[in-house]
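There are 4 protein chains.
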Amino acid sequence: MGSFKGHALPGSFFLVAGIWWTGKYSLWHATRRNKNIGSTRLSSRASQRRLEIIESSVILFFSFVGILAEQFLADGPKLQLYNFTDKHWQDLMNWQHSTMYLFFGLAGAVSLIIHTTEAAPLALDRLMLAIAFFNEGFLFLYHLHGRSMLDVHVHQLLLFAIFGEALVAFLEVFHRGNIILELLRCTLTILQGSWFWEIGFVLYPPRGPEWDLKDHNNMMFVTMCYSWHLAFAMLVVSVLYCTVSWLKRTPPMEMGLLKTRERDPESEDEIL
Amino acid sequence: MGSFKGHALPGSFFLVAGIWWTGKYSLWHATRRNKNIGSTRLSSRASQRRLEIIESSVILFFSFVGILAEQFLADGPKLQLYNFTDKHWQDLMNWQHSTMYLFFGLAGAVSLIIHTTEAAPLALDRLMLAIAFFNEGFLFLYHLHGRSMLDVHVHQLLLFAIFGEALVAFLEVFHRGNIILELLRCTLTILQGSWFWEIGFVLYPPRGPEWDLKDHNNMMFVTMCYSWHLAFAMLVVSVLYCTVSWLKRTPPMEMGLLKTRERDPESEDEIL
Amino acid sequence: MGSFKGHALPGSFFLVAGIWWTGKYSLWHATRRNKNIGSTRLSSRASQRRLEIIESSVILFFSFVGILAEQFLADGPKLQLYNFTDKHWQDLMNWQHSTMYLFFGLAGAVSLIIHTTEAAPLALDRLMLAIAFFNEGFLFLYHLHGRSMLDVHVHQLLLFAIFGEALVAFLEVFHRGNIILELLRCTLTILQGSWFWEIGFVLYPPRGPEWDLKDHNNMMFVTMCYSWHLAFAMLVVSVLYCTVSWLKRTPPMEMGLLKTRERDPESEDEIL
Amino acid sequence: MGSFKGHALPGSFFLVAGIWWTGKYSLWHATRRNKNIGSTRLSSRASQRRLEIIESSVILFFSFVGILAEQFLADGPKLQLYNFTDKHWQDLMNWQHSTMYLFFGLAGAVSLIIHTTEAAPLALDRLMLAIAFFNEGFLFLYHLHGRSMLDVHVHQLLLFAIFGEALVAFLEVFHRGNIILELLRCTLTILQGSWFWEIGFVLYPPRGPEWDLKDHNNMMFVTMCYSWHLAFAMLVVSVLYCTVSWLKRTPPMEMGLLKTRERDPESEDEIL
Numbered sequence: 010m011g012s013f014k015g016h017a018l019p020g021s022f023f024l025v026a027g028i029w030w031t032g033k034y035s036l037w038h039a040t041r042r043n044k045n046i047g048s049t050r051l052s053s054r055a056s057q058r059r060l061e062i063i064e065s066s067v068i069l070f071f072s073f074v075g076i077l078a079e080q081f082l083a084d085g086p087k088l089q090l091y092n093f094t095d096k097h098w099q100d101l102m103n104w105q106h107s108t109m110y111l112f113f114g115l116a117g118a119v120s121l122i123i124h125t126t127e128a129a130p131l132a133l134d135r136l137m138l139a140i141a142f143f144n145e146g147f148l149f150l151y152h153l154h155g156r157s158m159l160d161v162h163v164h165q166l167l168l169f170a171i172f173g174e175a176l177v178a179f180l181e182v183f184h185r186g187n188i189i190l191e192l193l194r195c196t197l198t199i200l201q202g203s204w205f206w207e208i209g210f211v212l213y214p215p216r217g218p219e220w221d222l223k224d225h226n227n228m229m230f231v232t233m234c235y236s237w238h239l240a241f242a243m244l245v246v247s248v249l250y251c252t253v254s255w256l257k258r259t260p261p262m263e264m265g266l267l268k269t270r271e272r273d274p275e276s277e278d279e280i281l
Numbered sequence: 010m011g012s013f014k015g016h017a018l019p020g021s022f023f024l025v026a027g028i029w030w031t032g033k034y035s036l037w038h039a040t041r042r043n044k045n046i047g048s049t050r051l052s053s054r055a056s057q058r059r060l061e062i063i064e065s066s067v068i069l070f071f072s073f074v075g076i077l078a079e080q081f082l083a084d085g086p087k088l089q090l091y092n093f094t095d096k097h098w099q100d101l102m103n104w105q106h107s108t109m110y111l112f113f114g115l116a117g118a119v120s121l122i123i124h125t126t127e128a129a130p131l132a133l134d135r136l137m138l139a140i141a142f143f144n145e146g147f148l149f150l151y152h153l154h155g156r157s158m159l160d161v162h163v164h165q166l167l168l169f170a171i172f173g174e175a176l177v178a179f180l181e182v183f184h185r186g187n188i189i190l191e192l193l194r195c196t197l198t199i200l201q202g203s204w205f206w207e208i209g210f211v212l213y214p215p216r217g218p219e220w221d222l223k224d225h226n227n228m229m230f231v232t233m234c235y236s237w238h239l240a241f242a243m244l245v246v247s248v249l250y251c252t253v254s255w256l257k258r259t260p261p262m263e264m265g266l267l268k269t270r271e272r273d274p275e276s277e278d279e280i281l
Numbered sequence: 010m011g012s013f014k015g016h017a018l019p020g021s022f023f024l025v026a027g028i029w030w031t032g033k034y035s036l037w038h039a040t041r042r043n044k045n046i047g048s049t050r051l052s053s054r055a056s057q058r059r060l061e062i063i064e065s066s067v068i069l070f071f072s073f074v075g076i077l078a079e080q081f082l083a084d085g086p087k088l089q090l091y092n093f094t095d096k097h098w099q100d101l102m103n104w105q106h107s108t109m110y111l112f113f114g115l116a117g118a119v120s121l122i123i124h125t126t127e128a129a130p131l132a133l134d135r136l137m138l139a140i141a142f143f144n145e146g147f148l149f150l151y152h153l154h155g156r157s158m159l160d161v162h163v164h165q166l167l168l169f170a171i172f173g174e175a176l177v178a179f180l181e182v183f184h185r186g187n188i189i190l191e192l193l194r195c196t197l198t199i200l201q202g203s204w205f206w207e208i209g210f211v212l213y214p215p216r217g218p219e220w221d222l223k224d225h226n227n228m229m230f231v232t233m234c235y236s237w238h239l240a241f242a243m244l245v246v247s248v249l250y251c252t253v254s255w256l257k258r259t260p261p262m263e264m265g266l267l268k269t270r271e272r273d274p275e276s277e278d279e280i281l
Numbered sequence: 010m011g012s013f014k015g016h017a018l019p020g021s022f023f024l025v026a027g028i029w030w031t032g033k034y035s036l037w038h039a040t041r042r043n044k045n046i047g048s049t050r051l052s053s054r055a056s057q058r059r060l061e062i063i064e065s066s067v068i069l070f071f072s073f074v075g076i077l078a079e080q081f082l083a084d085g086p087k088l089q090l091y092n093f094t095d096k097h098w099q100d101l102m103n104w105q106h107s108t109m110y111l112f113f114g115l116a117g118a119v120s121l122i123i124h125t126t127e128a129a130p131l132a133l134d135r136l137m138l139a140i141a142f143f144n145e146g147f148l149f150l151y152h153l154h155g156r157s158m159l160d161v162h163v164h165q166l167l168l169f170a171i172f173g174e175a176l177v178a179f180l181e182v183f184h185r186g187n188i189i190l191e192l193l194r195c196t197l198t199i200l201q202g203s204w205f206w207e208i209g210f211v212l213y214p215p216r217g218p219e220w221d222l223k224d225h226n227n228m229m230f231v232t233m234c235y236s237w238h239l240a241f242a243m244l245v246v247s248v249l250y251c252t253v254s255w256l257k258r259t260p261p262m263e264m265g266l267l268k269t270r271e272r273d274p275e276s277e278d279e280i281l
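Chains as they are written, first to last, in this note's numbering: chain A, 10 to 281; chain B, 10 to 281; chain C, 10 to 281; chain D, 10 to 281.
In structure tokens:
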């Protein structure tokens, strides 16, 4: 996938996922805060479940498409793992990307089962997500042998977002519905998405001069740039969260705001 | 133990242990969910304890057999630690493996004492398990000096599963009976077991050509292969869990499924 | 910023912040302990909020001033990122420092919004603080390429305090108001502040001979010196805490001290 | 302190501390379990406090003696830090050891204040202990430059026990009175103590031949030996715990053991 498109595509997916999740969790958090003013809880719970089912199906679908694309497009290995004539592994990169998609697909499938049937405990969807991200980071970790300095560096920076997300998703197993963790995960997803785009621009500049991949100053600039992407991701999440909160805000006739706020439940557990 | 058998044997043990644990915890979780429909709790608790006692005895027995085998079979050191005539340590590998078995034996012994007497706090069995796995990983960590690249790499990959399991078992000290953590531990045990088999096939191929232990492509393939083993382990655990849940499912005349599910206890603590 | 002043200035800020926080949290903890003797809770809560608003504004203001100073003073880049005539990045150091200030500014801004409006969950201010410190450490981590041994070492030691603080602030998301964590964060802030001064003295001694930056004994001394700074920070926090506690102590006519003490709430949660 | 005695002395202290702590926590745990049979809680609490005060005083005293010994015995620096005539730091090793003692002394002092007055929150004693152990490990970490392989290795192994203990003590801030964590800390203390003795025997064999400090087999043996020390420490703690439990066991006329056991409080919090 060593191309601009090859980085822009997953980047776009993560950007969309991050923005979608931000909207979803902001909406649910706003709903939870308003729960004592009329909105019947049961209905909201049913619609939440419906939303989760749709989301899981979409993830499952795109993972499947991703695997197919990696295998059968252009110079894919077409499910052939070992080239016996030339005695070497066939298109290992494509196989690795397929494996990454496989784990996100598994996470989607499990989430689908959890939210359609009674078979499995609820927190399993977060564990599967944590494993999917961990697996992505794990494969990237051993992916970088023998590349030039800046190439290695931009991919290593990506690992902060990926392993960070795996950790946050794992913490959510124990603190499900904690809005802080959810928004942090959204932020890291958007960071990952925009950084994939950045990697594309740095390694395969669509126009303009090539970057010097061995210049230490470039490395320092790229590191700082990563911080800016994080700030940008935080900004996007904040704006989205505030917009959703404002749209679903409690009517002004309600009183005792101060008291309500102090007891504002940050975790689903407190309500369930 | 540098042989195919020497890796297949522990691999088989971990596979059996992983499958056994998956069945056990799935069954108990299903029992907990059904508890309000007639199954008397006291009886189930007594049978749980009986099961734990049997399991601990089996672990203790096989650890003891393992130590004896390492010491007295074929070219074992026969409890001789230092060779004074040649001035070198006698069969350090066998001694290291004996030490690993010793810690699993200790974990079994402590678990046996905990479940037969009132002497020690319950959570100690998980701590002992965590220590046993940590010790296994610790010894592997300093085990790999001077081997070839791929040999080191396949053993390092094993460490992810081993230290992961140690961590999960340690978390279980505080979250005892959390089905998510239990299933994660089962998955990592099966991963460890199947990976031991894989190591055997890679380093000592029973038939077919030898692997090139210095080829970087082999290393990348092996890394990806580890992900597939993880996916396979997750599949095994899922199928087992669903089968057990389906066999012990709540009778269909029960109503109010939705409500029950929302309050589905994920931890033993909530019931005790 | 490679100068004595350039290290003394941030050092002073952290020292002031650490001392301020120690006083604030000590006062609030003392107030919580005394709550059952007349001090009306509502009023204290309102004044707490006012204090938070002032503090956030000050942080926001100084971050803004810091960015402006880095950009426009003396040899700053004046918001120019790339020097197209000489084809190199313009003053990367100043840009990196600006980025650090930016994140502290963001933390201040979010904290301001949290404490003036109802928009966001309370725990977000600690998360933003954790991110700001993490970002500071992250930039320092890739900041040290090609410097001499002692220069790298004194900055690496700084990372213990910075990442430690990020971790403690993150833990506070889940254990808000835990006085132990709060005082630990204060200690690490003061440690960071005084160590910035130490770095200034070691690398740019204002008078006296230069240090030999390659002598291993100097490195060992500096390591030990870091411990002393930690001890000093602990001392400052202890003295401040005891002074505040003594000033706000419970009147002596109260009885049943032993019982009160055993139930001394260490976390805000227990009261809210 | 490069001598056999220099390692045996701290080793003995840690051994005594570990055994003492095991006895103390076993006794308190047994007392908590028996609390419903007559033993009045208030009296036990007062005697616990008295015990803590004595313990803190002893730690404080020996830390002070340790600092004095390091400074003024034989070839100590006698509080002189820099040798201006020869232009080098004076006896850095002794200063480092003094610094380690200083932090244990601080932990003792703070614990003394906590248990004699009402000034500070209870959990602070564990935090101070965690900091003292962390500081010990931190100084050891930068202590090993330029030594031979085995020398570095035996000290690195020590770090597992030291940082492990720091982590456990930090966890105790949040899970105070958890018998599992307390016994784990005791085990690691004894491990540390016996390993100090082992280091003495390996690096400065009092009789018999010197060890070859560059032989890789020695390194592998020493690693395994560390596991044995851990097993030994676990054995000592178990025997002590069982003995104390047996001495303070509940009288046999009590009934309903099964039920009591299931609810056996593992944490002080549940009782307080």
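A virtual CB, placed ideally from N, CA and C, is assigned to each residue, including glycine.
Residues of chain A with a CB under 7 Å from the CB of residue 180/C: which are they? Residues of chain A passing the Cβ test: none, with the nearest at roughly 11 Å.
Are the segment 218 to 228 of chain C and the segment 181 to 199 of chain C touching by the rule of at least three beta carbon pairs closer than 8 Å? no
Report yes if the C-beta distance between residue 116/C and residue 132/C is below 8 Å; otherwise report no. Not a contact, by the Cβ cut-off of 8 Å.
Taking only three categories from DSSP, how would you classify residue 103/D? In this structure, residue 103/D counts as helix in the three-state DSSP scheme.
Among 106/B, 183/B, 229/B and 17/B, which one has its Cα closest to the Cα of residue 158/B? When each option's Cα is compared against that of residue 158/B, the closest is 229/B.
Contact under 8 Å by Cβ, residue 130/A with residue 28/B: No.
Identify whether residue 92/C lies in helix, strand or coil by the three-state DSSP scheme. Reduced to three states, the DSSP call for residue 92/C is strand.
Can you find a C-beta in chain C that's less than 8 Å from the C-beta of residue 238/A? no
Is there a Cβ of chain B sitting closer than 8 Å to that of residue 89/A, yes or no? Not an interface residue.
Per DSSP, residue 98/C forms a beta bridge with which residues? 91/C
8 Å contact criterion, which residue 201/B and residue 23/B should meet: CB distance rounded: 5 Å
Have a look at residue 91/C and residue 103/C and give me their C-alpha separation to the nearest angstrom. When rounded, the separation of the alpha-carbon atoms in residue 91/C and residue 103/C is 13 Å.
Residue 76/C to residue 205/D span [Cα, whole Å]: 51 Å
Kindly list the residues whose CB is nearer than 8 Å to the CB of residue 107/D, restricted to its own chain and excluding five residues on each side of it in sequence; keep chain order. 75, 76, 79 and 80
Is residue 164/D close to chain B? Criterion is C-beta to C-beta, closer than 8 Å. Against chain B, the CB of residue 164/D has no partner CB under 8 Å away; the residue lies outside that interface.
Residues of the segment 111 to 140 of chain C whose Cβ lies closer than 9 Å to any Cβ of chain A, in chain order: Per Cβ criterion, the list reads 111, 112, 115, 119, 122, 127, 128, 129, 130, 131, 132, 133, 135, 136, 137 and 140.
Hey, residue 209/B and residue 85/B are a contact pair by Cβ (cut 8 Å); roughly how many whole angstroms apart? No, residue 209/B and residue 85/B are not in contact; Cβ-Cβ is about 20 Å, not under 8 Å.
Hey, would you say residue 251/B sits closer than 8 Å to residue 128/A, going by beta carbons? yes
With residue 152/C and residue 99/C assumed to form a contact (beta carbons below 8 Å), what rounded beta-carbon distance in angstroms separates them? Contact doesn't hold; Cβ gap of about 17 Å is too wide.
Residue 246/D beta carbon less than 8 Å from that of residue 231/D: no
Check whether chain B comes within 8 Å of residue 148/A, counting only Cβ atoms and requiring the distance to be less than that. yes
Check the Cβ of residue 97/D against every Cβ in chain C and list those closer than 8 Å, keeping chain order. 226
Rounded to the nearest angstrom, what separates residue 113/B and residue 236/C at their Cα positions? Cα-Cα distance, rounded: 39 Å.
Output the distance between the C-alpha atoms of residue 240/C and residue 139/D, rounded to the nearest integer angstrom. Taking the straight line from one Cα to the other gives about 14 Å.
Who are the neighbours of residue 101/A on chain B, taking C-beta pairs under 9 Å? 226, 229, 230 and 233
Option nearest residue 54/A by Cα separation, candidates 63/A, 40/A and 161/A: 40/A
Flag residue 57/C as yes if its beta-carbon sits less than 8 Å from any beta-carbon of chain A, otherwise no. no
Which chain D residues are close to residue 37/B, counting only those with a beta carbon under 7 Å from its beta carbon? Going along chain D, no residue has its Cβ under 7 Å from residue 37/B, so there is no contact; the nearest lies around 15 Å.
Span of the alpha helix (DSSP H) around residue 30/C: Looking at the DSSP string, the run of the alpha helix (DSSP H) that includes residue 30/C is 13 to 42.
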